[in-house]
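Asks: Residue numbers (our numbering): 539 to 722. For glycine and all other residues, C-beta sits at the position ideal for the given N, C-alpha and C.
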């Protein structure tokens, strides 16, 4: 279902090669390289030591630190009461046959929402770095000599000189072409 929604998946049963270490594959090659970790906790998974390791408190903290979104769901509400206390404090909606059609779109929406927030944050960080680098490199030539901005006062003077208002008026008439007038 995720792939139909253009979401690449990593699934241990499919992506771990024959003879590979499960622990290495899951924790180094799988979870650490994902943007999201979807965990479905059922009565059977509660008995699995591997699932217990996958939702260990330290793993959950690592996910948070690496901006990997944890999307935990339970097969029924009684399962929540059987979880460790720290896991009971995490929002874990029920996902079952009765609500799958209404809940799955919410899961997809959460995934895409987080994905775009990550991308936007990354772009903002990159632009902030670009601005910082440009500010460091900002130089002006005056009389064939290079003047390097030394402090905020010099930057303020230059910014004031370059930061002039430009009035732009827009007008529209159905009888004539659009026109834009620029005034200083």
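1) So what does DSSP say about residue 667, is it helix, strand or coil?
2) Can you name, in chain order, every residue of its own chain whose Cβ lies under 6 Å from the Cβ of residue 588, other than the five neighbours on each side?
3) Have a look at residue 542 and residue 673 and give me their C-alpha separation to the nearest angstrom.
4) By a C-beta neighbour count over all protein chains shown, 10 Å radius and 16 as the cutoff for buried, is residue 610 buried or exposed?
5) Rank 625, 574, 590 and 632 by C-alpha distance to the C-alpha of residue 604 and give the top, closest one.
6) Report the three-state DSSP secondary structure of residue 540 (helix, strand or coil).
7) If you draw a straight line from the C-alpha of residue 680 to the C-alpha of residue 669, how long is it?
8) Only counting the same chain, and skipping five residues up and downstream in sequence, which positions put a Cβ closer than 7 Å to that of residue 618?
9) DSSP state of residue 593, grouped into three classes?
10) With respect to the beta strand (DSSP E) encompassing residue 620, which residues constitute its N-terminal and C-terminal limits?
11) Going by DSSP in three states, residue 610 sits in which element: helix, strand or coil?
12) Starting from residue 575, follow its DSSP beta bridges and name the residues at the other end.
13) For residue 632, which option in 580, 663 and 598 has the closest C-alpha, if you only look at C-alpha atoms?
14) What is the rounded straight-line gap between the Cα of residue 546 and the Cα of residue 563?
Replies: Inspection of the coordinates gives the following:
1) Numbered from its first residue, the chain shown carries residue 667 at position 129. Three-state result, residue 667: helix.
2) On the chain shown, position 50 is the one that residue 588 refers to. Nothing listed; no residue qualifies.
3) One-based indexing of the chain shown puts residue 542 at position 4. One-based indexing of the chain shown puts residue 673 at position 135. Their Cα atoms are separated by approximately 45 Å.
4) As a position in the chain shown, residue 610 is number 72, starting the count at 1. Per the 10 Å Cβ criterion, buried.
5) Position 66 of the chain shown, counting from 1, holds the residue named residue 604. Among 625, 574, 590 and 632, the Cα nearest to that of residue 604 belongs to 574.
6) Numbered from its first residue, the chain shown carries residue 540 at position 2. Residue 540 falls in the coil class under three-state DSSP.
7) Start at 1 with the first residue of the chain shown, and residue 680 comes out as number 142. Start at 1 with the first residue of the chain shown, and residue 669 comes out as number 131. Bear in mind that a pLDDT of 45 at residue 680, under 50, signals an unreliable position, so the number given afterwards is only what the model happens to contain. Taking the straight line from one Cα to the other gives about 23 Å.
8) By one-based count along the chain shown, residue 618 stands at place 80. The answer, listed in chain order, is 612, 626 and 630.
9) As a working mapping, residue 593 is identified with position 55 in the chain shown. Residue state, collapsed to three classes: coil.
10) Mapped onto the chain shown, residue 620 falls at position 82. Here residue 620 belongs to no beta strand (DSSP E); instead the alpha helix (DSSP H) covers 615 to 620.
11) Residue 610 sits at position 72 when you count from the first residue of the chain shown. It is a strand residue.
12) Walking along the chain shown from the start, residue 575 turns up at place 37. Paired residue(s): 608.
13) The count along the chain shown starts at 1 and reaches residue 632 at position 94. Nearest C-alpha to residue 632: 580.
14) Here residue 546 refers to the residue found at position 8 when the chain shown is read from its first residue. Here residue 563 refers to the residue found at position 25 when the chain shown is read from its first residue. So the alpha carbons of these two residues sit roughly 17 Å apart.
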